[in-house]
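For reference, the structure is listed below as structure tokens.
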Amino acid sequence: MSDRLCVQSKGKIKRQLSDTDILACCGEYCGKGCRGGWPIKAWEWVKENGVCTGGRYTAKGVCKPYAFYPCGNHTNEIWYGECPKSSWPTPKCRKACKYGYRKPYDKDKYYAKSAYILPNDEQAIKNEIMENGPVQAVFDVYEDFRLYKKGVYKHTAGMKTGAHAVKIYGWGNDFIRNSTHEITVPYWLIANSWNRDWGENGYFRMVRGEDNCGIESMVTAGLMVA
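Positions 1 to 226 (the UniProt record's numbering) are the ones given, in order, by the sequence shown.
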């Protein structure tokens with residue numbers, strides 16, 4: 001939503017929006033809090049209720065920074081502590097900004113004006129990104145995805161372990177050459193949320209146009225009031 005607000009305001013609004021505000025206050029309407037939910041419901045909730053400003057853990061100058069510290073050992077990151085054995089508890093909904101932030105919670109809100117699910121169509125997804133900014137996608141996670149380091153990911157082995165929401169922000173082609181010919185591998189450019197020392201500096205590429213792991217079947221987007 002933050003990226004789309006920037007794109008749709010033609011770069012005039014560059015505020016990061018609070019994932020914690022949505023996570024805590026959307027409640028059962030969006031899903032199960034830290035145990036998962038549905039992006040389309042989050043968009044619909046922001047259309048009705050708005051979302052305040054946020055940022056990384058300990059971010060300053062925002063209403064509601066991210067509620068959880070970066071757990072575990074990460075390259076060039078401050079050590080805050082071990083990760084919980086299961087998921088974090090969902091934060092309580094507090095309709096107030098953190099102490100010291102001068103703007104009232106209700107006055108710090110940004111709203112969506114529409115929410116929609118895109119068709120399972122590669123070109124439609126590309127057009128949406130070009131016109132309005134990055135989109136959200138949900139895909140099935142298999143054991144081999146946990147082993148991803150670099151390159152274009154395509155599921156080949158392992159059991160399904162769950163589902164995961166990510167941000168598709170672009171696309172491209174990889175070229176694999178051997179002694180006789182060249183193979184073109186189309187891919188999506190995707191931002192993950194597992195810190196910068198995972199994958200390709202926190203990002204990954206997934207094969208495009210094959211609905212790999214259902215990545216093209218549940219793509220969500222919306223327009224912001226900019």
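Just so it is clear, CB atoms sit at the ideal spot from N, CA and C, and this is done for glycine as well.
Under the three-state reduction of DSSP, which class applies to residue i: helix, strand or coil?
| i | result |
| --- | --- |
| L5 | helix |
| Q16 | coil |
| N173 | strand |
| V46 | helix |
| F139 | strand |
| Y110 | strand |
| R146 | helix |
| G214 | helix |
What does DSSP give as the partner residue(s) for residue i in the beta ladder?
| i | result |
| --- | --- |
| T156 | According to DSSP, T156 bridges with nothing at all. |
| P186 | N173 |
| H164 | F139 |
If you compare alpha carbons, which of the options is closest to residue i?
| i | options | result |
| --- | --- | --- |
| E216 | I190, T180 and W194 | I190 |
| H74 | R196, C213 and F204 | R196 |
| G100 | K92, L118, T58 and P89 | T58 |
| E210 | H164, H155, K160 and W194 | H155 |
| N173 | A163, S179, D140 and V207 | V207 |
| G55 | C6, R15 and Y29 | R15 |
| L23 | T90, S9, Y80 and V7 | T90 |
| V46 | L17, I117 and P186 | L17 |
| C52 | C63, W194, E44 and W43 | C63 |
| M224 | F204, W43, Y142 and C93 | W43 |
Hey, is residue i's beta-carbon within less than 7 Å of any beta-carbon in chain D?
| i | result |
| --- | --- |
| C83 | Structure shown: chain D not included; a single protein chain is present. |
Check: Can at least three beta-carbon pairs, one atom from the segment 167 to 178 and one from the segment 119 to 134, be found at a separation below 8 Å?
Finding: yes
Next item on the list: May I ask you to verify whether the segment 64 to 80 touches the segment 109 to 122, counting CB pairs closer than 8 Å and requiring at least 3?
Entry: no
Next item on the list: Starting from the N-terminal side, write out each stretch of the beta strand (DSSP E) that is 3 residues or longer and does not extend beyond the segment 19 to 81.
Entry: none
Check: Hey, is the segment 82 to 96 in contact with the segment 22 to 40, meaning 3+ C-beta pairs nearer than 8 Å?
Finding: yes
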